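Counting along the sequence shown from 1, when you hit position 292 you're at 326 in the numbering used here, and nothing is skipped either side. Just so you know, even glycine gets a beta-carbon here, dropped at the ideal spot from N, CA and C. Note that the coordinates shown come from a computational prediction; the quantities given were computed from them, not determined experimentally. All remarks here apply to the structure that follows.
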Amino acid sequence: AELLSYGGRTEKEPRVRILGFASQRQGAMSSSEESKLHPEVELIEAAKKGDYEEIDRLIRKGFDVNFQSHDEWGYTPLIWSSQNGHLKIVTRLVEAKASVNVKDKKQGATPLTRAAFDGRLEVVKWLVTEGKAEVGTTNKYGMTALHSAAQEGQLLVVKWLVEVGKAHVNARSKMGSTPLRFAAQNGHLDVVRWLATDAGAHVHNATIRHRVTPLWMASCKGHLHMVEWLVTEGKADVDAQTRSGRTSLCVAAQKGHVPIVEYLVQVGKAQPNVPTNDGRTPLIAAAMLGELSVVKWLIEEGNASVKGAMKAARTSKTTRVADWLQTRADQVTHRPELYQPP
Numbered sequence: 035a036e037l038l039s040y041g042g043r044t045e046k047e048p049r050v051r052i053l054g055f056a057s058q059r060q061g062a063m064s065s066s067e068e069s070k071l072h073p074e075v076e077l078i079e080a081a082k083k084g085d086y087e088e089i090d091r092l093i094r095k096g097f098d099v100n101f102q103s104h105d106e107w108g109y110t111p112l113i114w115s116s117q118n119g120h121l122k123i124v125t126r127l128v129e130a131k132a133s134v135n136v137k138d139k140k141q142g143a144t145p146l147t148r149a150a151f152d153g154r155l156e157v158v159k160w161l162v163t164e165g166k167a168e169v170g171t172t173n174k175y176g177m178t179a180l181h182s183a184a185q186e187g188q189l190l191v192v193k194w195l196v197e198v199g200k201a202h203v204n205a206r207s208k209m210g211s212t213p214l215r216f217a218a219q220n221g222h223l224d225v226v227r228w229l230a231t232d233a234g235a236h237v238h239n240a241t242i243r244h245r246v247t248p249l250w251m252a253s254c255k256g257h258l259h260m261v262e263w264l265v266t267e268g269k270a271d272v273d274a275q276t277r278s279g280r281t282s283l284c285v286a287a288q289k290g291h292v293p294i295v296e297y298l299v300q301v302g303k304a305q306p307n308v309p310t311n312d313g314r315t316p317l318i319a320a321a322m323l324g325e326l327s328v329v330k331w332l333i334e335e336g337n338a339s340v341k342g343a344m345k346a347a348r349t350s351k352t353t354r355v356a357d358w359l360q361t362r363a364d365q366v367t368h369r370p371e372l373y374q375p376p
């Protein structure tokens with residue numbers, strides 16, 4: 035999961051991924067032990083392996099195609115086969131009355147969500163057109179299949195869901211994130227470009243609670259090409275602030291992303307001295323975290339105010355930054371007061 039920090043608070047919005055089957059966990063029942071109590075586990079195992087003949091045999095024996103595994107995930111055979119891209123098995127299970135909109139226990143993901151996440155385009159098409167899966171169904175985090183496809187860079191799935199499946203391009207998760215924001219966060223420029231230019235997705239949409247924009251996330255994650263496109267083509271607001279007052283420049287500075295800092299200031303014309311709600315400028319944020327390269331560039335090339343930077347470096351015990359600032363202060367004899375604590 036991605037853990038995002040906002041002004042001292044943290045909030046989690048998951049990057050939904052299957053990490054393993056519960057039988058792998060210490061203390062969990064093995065598949066053979068569980069199958070003695072629940073024979074339908076054999077159906078789960080066959081779906082995981084993509085064994086069509088075994089699936090067909092078990093269905094003919096009357097096994098419950100909607101059986102959910104008893105581990106924390108609660109997958110059905112259809113969820114497994116959809117995730118793994120086994121279209122023939124998907125078709126057979128749905129014909130046997132498997133629920134196409136069933137949700138797993140842990141994250142509330144549907145077969146369509148899992149197929150979209152892993153780029154299983156043919157399965158996605160079939161589930162929607164033949165299985166009548168609901169495109170707008172959300173998981174427990176409010177994410178749709180389009181969110182899942184966008185965050186993983188599954189461009190073909192994204193296009194199909196929007197153009198044929200009529201997915202809502204600006205749908206928001208519970209935290210207010212759109213598919214475009216997820217794509218921007220993970221550096222999928224082709225998805226962002228298509229969503230914005232061809233599908234009409236909003237580039238400026240910020241999350242509801244923390245007011246985080248796609249540009250802010252791209253800057254945070256160090257995706258320079260994404261930042262360049264969002265600024266030049268997407269006309270993103272470079273000085274937009276989160277609820278805690280951090281700009282894209284501020285987060286890039288504190289993360290040590292020098293090329294993005296340079297681009298935002300030189301090309302994007304970002305204001306170098308915009309403070310956060312607690313008074314931290316991009317320079318101060320970089321000084322506090324010991325990002326010396328950013329500190330040097332902001333002072334030497336970025337026209338950043340150095341006021342408060344020395345105090346921030348000393349308080350945070352970022353010695354290399356403090357020493358460099360002191361050396362520079364000693365050299366700038368005509369205005370040494372700029373380097374002193376306020």
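Stretch pair the stretch 140–155 + the stretch 169–189: three plus CB contacts closer than 8 Å
These segments touch.
From T247, A167, A184, F101, pick the residue whose C-alpha is nearest to that of D152; which is it?
Its Cα nearest to that of D152, the residue A184 stands out among T247, A167, A184, F101.
Select from S339, A320, Q365, G336 the residue whose C-alpha is nearest the C-alpha of R354.
Looking at the Cα atoms, A320 is the closest of the given residues.
What's the gap between the Cα of L77 and the Cα of L92?
In this model, L77 and L92 are separated by some 7 Å (Cα to Cα).
Leaving out the 5 sequence neighbours to the left and right, which residues in its chain are closer than 6 Å to S115 when beta-carbon positions are compared?
So the list reads A81, I123, V124, once near-sequence residues are dropped.
Give the C-beta separation of V119 and V157 to the nearest angstrom, bearing in mind that I take them to be a contact with Cβ-Cβ under 8 Å.
Residue 119 is actually Gly in this sequence, not Val. Indeed, because the Cβ distance is near 6 Å, the residues count as touching under 8 Å.
Which term fits P293, buried or exposed, when burial requires 16 or more other beta carbons within 10 angstroms of its beta carbon?
Classification for P293: exposed.
With DSSP collapsed to three states, give me the class of V192.
Three-state DSSP puts V192 in a helix.
For the stretch 298–332, which segments carrying the alpha helix (DSSP H) assignment without a break, of at least 4 residues, lie completely within its bounds, in sequence order?
Segments of the alpha helix (DSSP H) lying fully in the stretch 298–332: 316–322.
Cβ shell of K289 (< 7 Å), same chain only, five flanking positions each side left out:
Excluding sequence neighbours, K289 sits near C254, G256.
Would DSSP call W228 helix, strand or coil?
Reduced to three states, the DSSP call for W228 is helix.
Nearest-angstrom Cβ-Cβ length linking W263 and R227, presumed shorter than 8 Å:
The beta-carbon distance between W263 and R227, rounded to whole angstroms, is 6 Å. This is short enough to meet the 8 Å contact definition.
Measure the C-alpha to C-alpha separation of A286 and L229 and round it to an integer number of angstroms.
Taking the straight line joining both Cα atoms gives about 24 Å.
Please report the straight-line C-alpha distance between G187 and K193, rounded to a whole angstrom.
Cα-Cα distance, rounded: 11 Å.
Return helix, strand or coil for P145, following the three-state DSSP convention.
In the structure shown, P145 sits in a helix (DSSP, three-state: H, G or I).
For L283, which residues of its own chain have a beta-carbon under 6 Å away from its beta-carbon, when the five flanking residues on both sides are left out?
Non-local beta-carbon contacts of L283 in its own chain, meaning distances under 6 Å to residues more than five positions away in sequence, involve L298, A304, P316 in chain order.
Beta-carbon contacts of A201 that lie in its chain and below 6 Å, excluding the five residues immediately before and after:
Within the same chain, V169, L180, L195 come within 6 Å of A201 by CB-CB distance, once the 5 residues on both sides are set aside.
How is K131 classed by DSSP in three states: helix, strand or coil?
It is coil, neither helix nor strand.
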